[in-house]
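Peer 1: What follows is a single structure, and I will ask about it in a moment.
Residue numbers (this note's numbering): 446 to 552.
Below you can see the structure in the form of structure tokens.
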């Protein structure tokens, strides 16, 4: 009796958490809620200075929509917020060496 070699099955596209719509789960909801709360604070500050109700409603709704779009992950499992975090971490990790050029040929 010969034994067949075992094949390894690696599933693709399995998400570790449940999602309400593609790329938006519980963690993204919390991040979007935080962004919406900050947008509400900005809208209230604008209302104090401007006093225009339609303007603050549009500001708040635009901020909520932007918060959801920024936190939603794409097919590569990255969101705009994740990419911004990676860029900031990369910028902080780079070394900066001050270079002072000496005159090579003095005149």
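C-beta: ideal position from N, C-alpha, C; glycine also.
Closer than 6 Å to a non-hydrogen atom of the ligand MG - does that hold for the CB of residue 487?
Peer 2: The ligand content of the structure shown is nil, which means the ligand MG is not present either.
Peer 1: Just to confirm, are residue 512 and residue 477 a CB contact at a threshold of 7 Å?
Peer 2: Here residue 512 refers to the residue found at position 67 of the chain shown. Here residue 477 refers to the residue found at position 32 of the chain shown. In contact: residue 512 and residue 477 (Cβ atoms closer than 7 Å).
Peer 1: Quick one: residues in its chain with C-beta nearer than 8 Å to the C-beta of residue 487, no 5 flanking neighbours on either side, listed in chain order?
Peer 2: Within the chain shown, numbered from 1, the residue matching residue 487 stands at position 42. Around residue 487: 504 and 508.
Peer 1: Along the chain, where does the beta strand (DSSP E) containing residue 465 start, and where does it finish?
Peer 2: On the chain shown, residue 465 is found 20 positions in, with the first residue counted as 1. Its beta strand (DSSP E) spans residues 464 to 466.
Peer 1: Kindly confirm or deny that the segment 468 to 476 and the segment 484 to 500 touch, where touching means at least three C-beta pairs closer than 8 Å.
Peer 2: no
Peer 1: Per the DSSP calculation, residue 470 is bridged to which residue(s)?
Peer 2: Working through the chain shown from its first residue, we reach residue 470 at position 25. Answer by DSSP bridge pairing, in chain order: 464.
Peer 1: Got a sec? Which residues, its chain only, sit under 6 Å from residue 480 by beta carbon, not counting five neighbours each side?
Peer 2: Within the chain shown, the letter at position 35 stands for residue 480. The residues are 512.
Peer 1: Leaving aside the five residues before and after residue 490 along the sequence, list all residues of the same chain whose C-beta is less than 6 Å from its C-beta, in chain order.
Peer 2: Residue 490 sits at position 45 when you count from the first residue of the chain shown. Excluding sequence positions up to five before and after residue 490, its CB lies less than 6 Å from no other CB in the same chain.
Peer 1: Roughly how many angstroms lie between the CA atoms of residue 544 and residue 550, to the nearest whole one?
Peer 2: Start at 1 with the first residue of the chain shown, and residue 544 comes out as number 99. Start at 1 with the first residue of the chain shown, and residue 550 comes out as number 105. Taking the straight line joining both Cα atoms gives about 18 Å.
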